[in-house]
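>
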Amino acid sequence: MYNWNSIKKIRITAYIILAVNVGLGLFLVYSECKSTIHHEHIDGQAGYIHAKRRVKLRRDPDANSNSLVSIGNGEPVQILNDTSTVHKGWIQINYNGNIGWVWGDYIGK
Numbered sequence: 001m002y003n004w005n006s007i008k009k010i011r012i013t014a015y016i017i018l019a020v021n022v023g024l025g026l027f028l029v030y031s032e033c034k035s036t037i038h039h040e041h042i043d044g045q046a047g048y049i050h051a052k053r054r055v056k057l058r059r060d061p062d063a064n065s066n067s068l069v070s071i072g073n074g075e076p077v078q079i080l081n082d083t084s085t086v087h088k089g090w091i092q093i094n095y096n097g098n099i100g101w102v103w104g105d106y107i108g109k
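For the sequence shown, full-length UniProt numbering gives the first residue as 1, with consecutive numbering after it.
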């Protein structure tokens, strides 16, 4: 014989777990999209590196390009060329006389 009260409780618990998982999934998808939003930068403007780890200044706008130096969080940079729409997210900067490219999401004002 089935205990219908136990079955109802299990079903309600399953719905709650499902709702929490769906909500968490939507939050993660929204967070992922938000992190890839293009940030507008102005050529010649000062900016700062915003990253949890050191960011590599690349010779060319490509993740496989040679690294010139690494830049720590909070370090000031000068934006030389915000052609991130042309270079698919890469921004040309000057960091202590080193001119190269970093991923645009790592540059803040």
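Heads up, the beta-carbon is just placed ideally off N, CA and C, and yes, glycines get one too.
If I measure Cβ to Cβ from Gln-92 and keep anything under 6 Å in the same chain, skipping five residues before and after, which residues do I get?
Mapped onto the sequence shown, residue 92 falls at position 92. Taken in chain order, the residues that qualify are Leu-80, Asn-81, Trp-101.
> Tell me which same chain residues have a C-beta within less than 8 Å of the C-beta of Ile-107, skipping the five on either side of it?
Indexing the sequence shown from 1 puts residue 107 at position 107. Only His-39, His-41, Gly-47, Tyr-48, Ile-49, His-50, Val-77, Ile-79, Ile-91, Ile-93 meet the Cβ criterion.
> Buried or exposed: which applies to Arg-11, given that a residue is buried once 16 or more other Cβ atoms fall within 10 Å of its Cβ?
Counting from 1 along the sequence shown, the entry for residue 11 is found at position 11. Under this definition Arg-11 is an exposed residue.
> Arg-58 by DSSP, collapsed to three states: which one?
Against the sequence shown, residue 58 aligns to sequence position 58. When DSSP states are grouped into helix, strand and coil, Arg-58 belongs to the strand group.
> In this structure, how does DSSP classify Asn-5 when only helix, strand and coil are distinguished?
Looking up residue 5 in the sequence shown gives position 5. Correct three-state label for Asn-5: helix.
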